[in-house]
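*Asks:*
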Amino acid sequence: ILGGRTSRPGRWPWQCSLQSDPSGHICGCVLIGRKWALTVAHCFEGRESADVWKVVLGINNLDHPSPYMQTRQVKSIIVHSRYNRAVVDYDISVVELESEVEVTSYVRPICLPNHGQLPKPDKYCHITGWGHVGNRMPFKLQEGEVRIISVSQCQSYFDMKTITSRMLCAGYEAGTIDSCMGDSGGPLVCEEDDGRWSLYGLTSWGSVCFSKFLGPGVYANVTHFTEWIKRQIYLRTFHL
Amino acid sequence: CISTSCLSGCHGNTTCDLRDTGSNCSGCEPISLEICMNLPYNFTRFPNYLGHHSQKETSVSWESSLFPALVQTSCYKYLMFFACTVLVPMCDPLTQQRVPPCRSLCLSSKERCESVLGIVGLQWPEDTNCTQFPEEGQTNTSCLLPDPDVNECSPSHFKCRSGRCVLSSKLCDGQTDCDDDSDEETCGCVERGLWECPGDKTCINHNMICDGFPDCSLKEDEHNCSVCSSHELECSNHECVHRSLWCDSRKHCSDSSDEWNCVSLSEGGLVVVYKSGMEYQVCADGWSSNHSSITCTQMGLGSPVSTEMVQDRSLSAVRRRWLHINPHWSEHNIIPLQGMLGKRGQSCQSHKTISLLCTKDECGRRPAARMVKR
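Here the protein sequences come in this chain order: A and B.
The working numbering numbers the first residue of the first sequence as 194 and each following residue consecutively.
The working numbering numbers the first residue of the second sequence as 354 and each following residue consecutively.
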């Protein structure tokens, strides 16, 4: 996260770290149920097998196991069948954990938005992750506040790409606060009027974050996939 | 190369780029960078003249966005050609060596276009220092100059009738970008090789038609995709499955769509099961809390809050079709509700059905982040 700050333990209890040996942290992920997490499809390029992955939750400092930490092997990975790696469209995956997590104050699922429920442009939301901060990879979870940007405004930043309805943009023109490499798959969350937090985006792509080109980050638009997510969970739960 | 210098197989040159190994030192690789796919040469070799070590790194580099945007200003006719000789240098298949652009090509590009970058506060990319390139005509050093008919636009551009290049994302975007407005002329889906949704007139790729994913807002792209007989129902991917197999808790469509949306709640919260293509009510006899829990779970609605066995007083109750709990179902085998029901058609002794209220599991709260008075 560029331009963010170190977060405190427990502030983002749905944040998880998707890890694969020997590299360790590869991508972010988001807990949406006791046995289910979301991340982006491009994290699995070249590492499609579930066996090589594990999910770490309840952690703030990657280098410092916490008493609240829980680790689960990945049982199955469901990449969206329309994932397009060339244009990074349909960039979403459902991750089934080997066993249920214990819900605590430090490990908790996020709410999914209802189908079609989009955050309003200019609403402020939060991104979190252990990705690049511009000059190094941090150990402690970083957080940043970003503003939702309309698709048309976002398209003007990315001449060479097409912003589809499966994408959501957030950040700032100057790119002052933005997600970066290593944050992929992590959450973009917004607080609802009732005080609960909902997941609207998964960190997906953007310009080369610590380059001269600035502009917002692009996120997988979770609202577009709500039905698809529920369906994958149903099919796997009942072995269909 | 195991050590810092190449084995003799690498023609003895002293340094290898990162990917060479003792066994495979051939440097040429096919060009895959989209903006340079229409060059007079097809093979490249890395590292390139900007220090990138792979085409993937080049594809996300600042320069690979900068040059195509700069080409739109028509500052220099051969700018795109020069940019590609730097981004994906030509690799001579015989010598397996890179062939650089000639210094004059670099100087012409820089002289004509550097000032344009200055206007928008950007600089000419530092790494493209022209002195690193050879003068043309020098003995035993070859360098690249553009043919007169070389493509001025890249495959990522649209060529205006006037010859100018504009990025293809500007084609039919509602704003004229070509000096002769030709980018906004033939903007129908057909002219762009796309399929037009009859309802909302949006354009979609032909390969999205009948692929099981509705892309048009009225889903026309998924209509009339197959002809199932009267005793069959159509899967989401347009296969045909016998209606008796529909919602039987086993997958018959290859995309498992015969088992989607088999259970729902009516307005009054009554459990409705869609089986073999017909709607059924569930007879309350034999219903347990496990059934309530499984029903809420499979609809993605979390957990049951309340379960009621209600007399169905609706007018249509008389003609209602009933499904009954299968008494032999064991809690251990995890099957969806439609698999636990059977004995269609028989009347329901209690004449009662199930009304269910589910609620989302606890989510989106963060108790550890609560305010603590100090």
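In this text, a Cβ means the ideal position worked out from N, Cα and C, and glycines have one as well.
Give the single residue among 414/A, 324/A and 287/A whose Cα lies nearest to the Cα of residue 225/A.
*Replies:* The residue given as residue 225/A occupies position 32 in the first sequence. Looking at the Cα atoms, 287/A is the closest of the given residues.
*Asks:* So, with DSSP's three-state summary, where would you put residue 449/B?
*Replies:* For the purposes of this step, residue 449/B is taken as residue 96 along the second sequence, with counting starting at 1. The answer is coil: DSSP assigns residue 449/B none of H, G, I, E or B.
*Asks:* Ignoring anything shorter than 4 residues or poking outside the region 277-364 of chain A, list the alpha helix (DSSP H) runs there in chain order.
*Replies:* Runs found: 344-348.
*Asks:* I need the straight-line Cα distance from residue 600/B to residue 361/A, nearest angstrom please.
*Replies:* For the purposes of this step, residue 600/B is taken as residue 247 along the second sequence, with counting starting at 1. For the purposes of this step, residue 361/A is taken as residue 168 along the first sequence, with counting starting at 1. Approximately 35 Å, taken between the alpha carbons.
*Asks:* Taking only runs of the beta strand (DSSP E) that begin and end inside the region 530-596 of chain B, which ones reach a length of at least 3 residues, in chain order?
*Replies:* DSSP runs (the beta strand (DSSP E)) wholly in the region 530-596 of chain B: 585-587 and 593-595.
*Asks:* Starting from residue 390/A, trace the alpha helix (DSSP H) both ways and give me its first and last residue.
*Replies:* Position 197 of the first sequence, counted from the first residue, corresponds to residue 390/A. Residue 390/A -> not in any alpha helix (DSSP H); beta strand (DSSP E) instead, spanning 390-399.
*Asks:* Pull out every residue of the region 275-307 of chain A whose Cβ sits closer than 7 Å to any Cβ of chain B, in chain order.
*Replies:* The region 275-307 of chain A vs chain B, Cβ under 7 Å: 275, 298, 299, 301, 302, 303 and 304.
*Asks:* Assign residue 239/A to buried or exposed, taking buried as 16 or more other Cβ atoms, counted over all protein chains shown, within 10 Å of its Cβ.
*Replies:* Looking up residue 239/A in the first sequence gives position 46. Answer is exposed; the Cβ neighbour count stays below 16.
*Asks:* Distance, Cα to Cα, residue 568/B vs residue 420/A?
*Replies:* For the purposes of this step, residue 568/B is taken as residue 215 along the second sequence, with counting starting at 1. For the purposes of this step, residue 420/A is taken as residue 227 along the first sequence, with counting starting at 1. Between residue 568/B and residue 420/A, the C-alpha separation is close to 15 Å.
*Asks:* Check residue 469/B in the structure and name its three-state DSSP category.
*Replies:* In the second sequence, residue 469/B corresponds to position 116, counting from 1. In this structure, residue 469/B counts as helix in the three-state DSSP scheme.
*Asks:* Looking only at DSSP bridge pairs, what is residue 525/B linked to?
*Replies:* Locating residue 525/B in the second sequence gives position 172, where the first residue counts as 1. DSSP output for residue 525/B lists no bridge partner at all.
*Asks:* Closer than 6 Å by C-beta to residue 314/A: which residues in its own chain qualify, once you throw out the five before and the five after it? Chain order, please.
*Replies:* Against the first sequence, residue 314/A aligns to sequence position 121. The answer, listed in chain order, is 341 and 343.
*Asks:* Please work out which residues of its chain come closer than 8 Å, Cβ to Cβ, to residue 571/B, disregarding the five sequence neighbours upstream and downstream, and give them in chain order.
*Replies:* Position 218 of the second sequence, counted from the start, is the residue given in the question as residue 571/B. Closer than 8 Å at the Cβ level, and outside the excluded window around residue 571/B, lie 550, 551, 552 and 553.
*Asks:* Output yes if chain A places a C-beta closer than 8 Å to the C-beta of residue 720/B; else output no.
*Replies:* One-based indexing of the second sequence puts residue 720/B at position 367. Interface residue, yes.
*Asks:* Residue range of the alpha helix (DSSP H) that residue 415/B falls in?
*Replies:* To locate residue 415/B, count along the second sequence from 1; it is residue 62. Residues 415-424.
*Asks:* Against chain A, with Cβ distances strictly below 8 Å, would residue 485/B count as a contact?
*Replies:* Counting from one through the second sequence, the residue named residue 485/B turns up at place 132. With 8 Å as the cut-off, residue 485/B does not count as an interface residue toward chain A.
*Asks:* Would you mind stating whether residue 322/A and residue 368/A have Cβ atoms separated by less than 8 Å?
*Replies:* As a first step, residue 322/A must be located in the first sequence, where it is residue number 129. As a first step, residue 368/A must be located in the first sequence, where it is residue number 175. No, Cβ-Cβ distance for residue 322/A and residue 368/A is not below 8 Å.
*Asks:* Assuming residue 466/B contacts residue 428/B (C-beta within less than 8 Å), just tell me the rounded distance between them.
*Replies:* Position 113 of the second sequence, counted from the start, is the residue given in the question as residue 466/B. Position 75 of the second sequence, counted from the start, is the residue given in the question as residue 428/B. The pair is a contact, with the Cβ atoms about 4 Å apart (cut-off 8 Å).
*Asks:* Any C-beta of chain A sitting closer than 8 Å to the C-beta of residue 520/B?
*Replies:* Here the question's residue 520/B lines up with position 167 in the second sequence. It does: the Cβ of residue 520/B has a partner Cβ on chain A nearer than 8 Å.
*Asks:* For residue 496/B, is the classification buried or exposed, using 16 other Cβ atoms within 10 angstroms of its Cβ as the cut-off for buried?
*Replies:* Numbered from its first residue, the second sequence carries residue 496/B at position 143. Label assigned to residue 496/B: buried.
*Asks:* With DSSP collapsed to three states, give me the class of residue 712/B.
*Replies:* Start at 1 with the first residue of the second sequence, and residue 712/B comes out as number 359. Of the three classes helix, strand and coil, the one that applies to residue 712/B here is strand, per DSSP.
*Asks:* Starting from the beta carbon of residue 650/B, find every residue of chain A whose beta carbon is closer than 7 Å, and list them in chain order.
*Replies:* By 1-based counting over the second sequence, the position of residue 650/B is 297. The answer, in chain order, is 430.
*Asks:* With a CB to CB cut of under 6 Å and the five nearest residues on each side skipped, what residues in its chain are close to residue 374/B?
*Replies:* The residue labelled residue 374/B in the question sits at position 21 within the second sequence. Here residue 374/B scores only 46 on pLDDT, less than 50, and its place in the model should not be relied on; the value that follows carries that caveat. Closer than 6 Å at Cβ, skipping near neighbours: no residue.
*Asks:* Residues bridged to residue 435/A by DSSP?
*Replies:* Outside the displayed span of chain A (194 to 433) sits residue 435/A, for which this structure offers no information.
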